[in-house]
Amino acid sequence: MAIDTAKIQATLQRFVSGTHDIEGAALVTPDGLPLVTVLPGPMDEDSVSAMTAALLSLGERISGELMRGSIEQIVIDGKAGYCILTNCGEDAVFLVLATPMIKKGVLHLEVKRAMEEIQPLLA
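For the sequence shown, this note's numbering assigns the number 10 to the initial residue and increments by one for each residue that follows.
So this is what it looks like as C-alpha coordinates:
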(Lines of atoms letter the chains of each structure in order from A and count residues from 1; the text may use other names and numbers.)
(Lines give C-alpha, C1' and ligand atoms only; values in the text may rest on other atoms or scores of the structure.)
Protein backbone atom coordinates (compact mmCIF):
# COMPACT_ATOMS: atom_id res chain seq x y z
CA MET A 1 0.00 0.00 0.00
CA ALA A 2 1.66 3.23 -1.17
CA ILE A 3 0.16 6.14 0.72
CA ASP A 4 1.21 9.71 1.31
CA THR A 5 1.81 9.55 5.05
CA ALA A 6 2.84 13.22 5.21
CA LYS A 7 -0.58 14.35 3.96
CA ILE A 8 -2.37 11.95 6.26
CA GLN A 9 -0.22 13.11 9.19
CA ALA A 10 -1.16 16.74 8.44
CA THR A 11 -4.84 15.78 8.17
CA LEU A 12 -4.79 13.93 11.50
CA GLN A 13 -2.89 16.75 13.18
CA ARG A 14 -5.50 19.29 11.99
CA PHE A 15 -8.29 16.98 13.12
CA VAL A 16 -6.87 16.54 16.62
CA SER A 17 -5.81 20.16 17.14
CA GLY A 18 -8.94 21.60 15.50
CA THR A 19 -11.48 19.95 17.78
CA HIS A 20 -11.05 20.79 21.45
CA ASP A 21 -12.35 17.49 22.84
CA ILE A 22 -10.48 15.19 20.44
CA GLU A 23 -7.40 13.92 22.27
CA GLY A 24 -5.81 11.73 19.65
CA ALA A 25 -6.19 9.78 16.44
CA ALA A 26 -4.44 6.98 14.61
CA LEU A 27 -4.62 5.19 11.33
CA VAL A 28 -3.53 1.56 11.66
CA THR A 29 -3.45 -1.52 9.47
CA PRO A 30 -5.96 -4.29 10.18
CA ASP A 31 -3.05 -6.45 11.34
CA GLY A 32 -1.99 -3.90 13.97
CA LEU A 33 0.79 -1.80 12.45
CA PRO A 34 0.72 1.98 12.89
CA LEU A 35 0.46 3.97 9.66
CA VAL A 36 0.08 7.48 11.09
CA THR A 37 -0.58 8.45 14.71
CA VAL A 38 -1.28 11.62 16.67
CA LEU A 39 -1.63 10.26 20.20
CA PRO A 40 -1.40 11.81 23.66
CA GLY A 41 2.11 11.82 25.16
CA PRO A 42 2.37 8.63 27.20
CA MET A 43 0.61 6.34 24.71
CA ASP A 44 2.77 3.89 22.78
CA GLU A 45 1.75 3.81 19.11
CA ASP A 46 2.72 0.15 18.66
CA SER A 47 0.60 -1.00 21.62
CA VAL A 48 -2.34 1.19 20.63
CA SER A 49 -2.17 -0.10 17.05
CA ALA A 50 -2.03 -3.74 18.14
CA MET A 51 -4.96 -3.29 20.54
CA THR A 52 -6.96 -1.51 17.84
CA ALA A 53 -6.50 -4.41 15.43
CA ALA A 54 -7.33 -6.97 18.14
CA LEU A 55 -10.51 -5.12 19.10
CA LEU A 56 -11.58 -4.82 15.47
CA SER A 57 -10.96 -8.52 14.88
CA LEU A 58 -12.95 -9.49 17.96
CA GLY A 59 -15.75 -7.07 17.02
CA GLU A 60 -15.97 -8.57 13.53
CA ARG A 61 -16.19 -12.05 14.98
CA ILE A 62 -18.91 -11.05 17.42
CA SER A 63 -20.84 -9.20 14.72
CA GLY A 64 -20.70 -12.26 12.49
CA GLU A 65 -21.81 -14.64 15.24
CA LEU A 66 -24.71 -12.36 16.12
CA MET A 67 -25.60 -11.89 12.43
CA ARG A 68 -25.21 -8.10 12.52
CA GLY A 69 -23.30 -7.82 9.24
CA SER A 70 -20.07 -5.96 8.67
CA ILE A 71 -18.89 -3.51 11.31
CA GLU A 72 -19.32 0.20 10.75
CA GLN A 73 -17.90 1.35 14.10
CA ILE A 74 -16.87 0.09 17.49
CA VAL A 75 -17.41 2.59 20.31
CA ILE A 76 -16.00 2.34 23.81
CA ASP A 77 -17.76 4.70 26.20
CA GLY A 78 -15.54 4.96 29.28
CA LYS A 79 -15.56 7.24 32.31
CA ALA A 80 -12.46 9.02 30.99
CA GLY A 81 -13.78 9.41 27.44
CA TYR A 82 -14.56 7.72 24.17
CA CYS A 83 -12.67 5.49 21.80
CA ILE A 84 -14.09 5.01 18.30
CA LEU A 85 -12.79 2.55 15.72
CA THR A 86 -14.01 2.89 12.16
CA ASN A 87 -13.07 0.89 9.10
CA CYS A 88 -11.30 3.18 6.65
CA GLY A 89 -11.35 0.97 3.58
CA GLU A 90 -9.83 -2.49 3.42
CA ASP A 91 -6.31 -1.41 4.40
CA ALA A 92 -6.82 0.84 7.42
CA VAL A 93 -8.69 1.38 10.66
CA PHE A 94 -9.30 4.89 12.01
CA LEU A 95 -9.04 5.27 15.78
CA VAL A 96 -10.25 8.41 17.56
CA LEU A 97 -9.87 9.25 21.26
CA ALA A 98 -12.14 11.92 22.76
CA THR A 99 -12.84 13.44 26.16
CA PRO A 100 -16.05 12.61 28.02
CA MET A 101 -17.19 16.22 27.57
CA ILE A 102 -17.71 15.92 23.81
CA LYS A 103 -21.26 15.51 22.61
CA LYS A 104 -21.71 12.15 20.91
CA GLY A 105 -23.37 13.68 17.85
CA VAL A 106 -20.49 16.11 17.39
CA LEU A 107 -17.99 13.28 17.81
CA HIS A 108 -19.64 11.13 15.15
CA LEU A 109 -19.89 14.10 12.79
CA GLU A 110 -16.21 14.96 13.25
CA VAL A 111 -15.18 11.34 12.69
CA LYS A 112 -17.25 11.24 9.50
CA ARG A 113 -15.68 14.47 8.22
CA ALA A 114 -12.17 13.26 8.99
CA MET A 115 -12.88 9.97 7.21
CA GLU A 116 -14.00 11.88 4.11
CA GLU A 117 -10.61 13.61 4.07
CA ILE A 118 -8.53 10.54 4.84
CA GLN A 119 -10.06 7.92 2.54
CA PRO A 120 -9.00 9.61 -0.73
CA LEU A 121 -5.44 9.84 0.60
CA LEU A 122 -5.36 6.05 1.00
CA ALA A 123 -6.36 5.35 -2.62
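Positions of the beta carbon are idealized from the N, C-alpha and C atoms, including for glycine.
Mapping the DSSP letters down to three states, classify residue i as helix, strand or coil.
i: residue 43; result: strand
i: residue 118; result: helix
i: residue 31; result: strand
i: residue 48; result: coil
i: residue 111; result: coil
i: residue 132; result: coil
i: residue 55; result: helix
Using 10 angstroms around the beta-carbon of residue i, count the other beta-carbons present and answer buried if the total reaches 16, otherwise exposed.
i: residue 93; result: buried
i: residue 31; result: buried
i: residue 49; result: exposed
i: residue 71; result: exposed
i: residue 132; result: exposed
i: residue 33; result: buried
i: residue 129; result: exposed
i: residue 127; result: buried
i: residue 21; result: buried
i: residue 61; result: buried
List the residues that DSSP assigns as beta-bridge partners of residue i.
i: residue 12; result: Beta-bridge pairing links residue 12 to no other residue.
i: residue 36; result: 45 and 103
Could you give the uninterrupted runs of the beta strand (DSSP E) lying entirely in the stretch 73-107, keeping only those of 3 residues or more?
82-87, 90-96 and 102-107
For the structure I just gave you, are there three or more beta carbon pairs, one from the stretch 40-60 and one from the stretch 112-124, closer than 8 Å?
no
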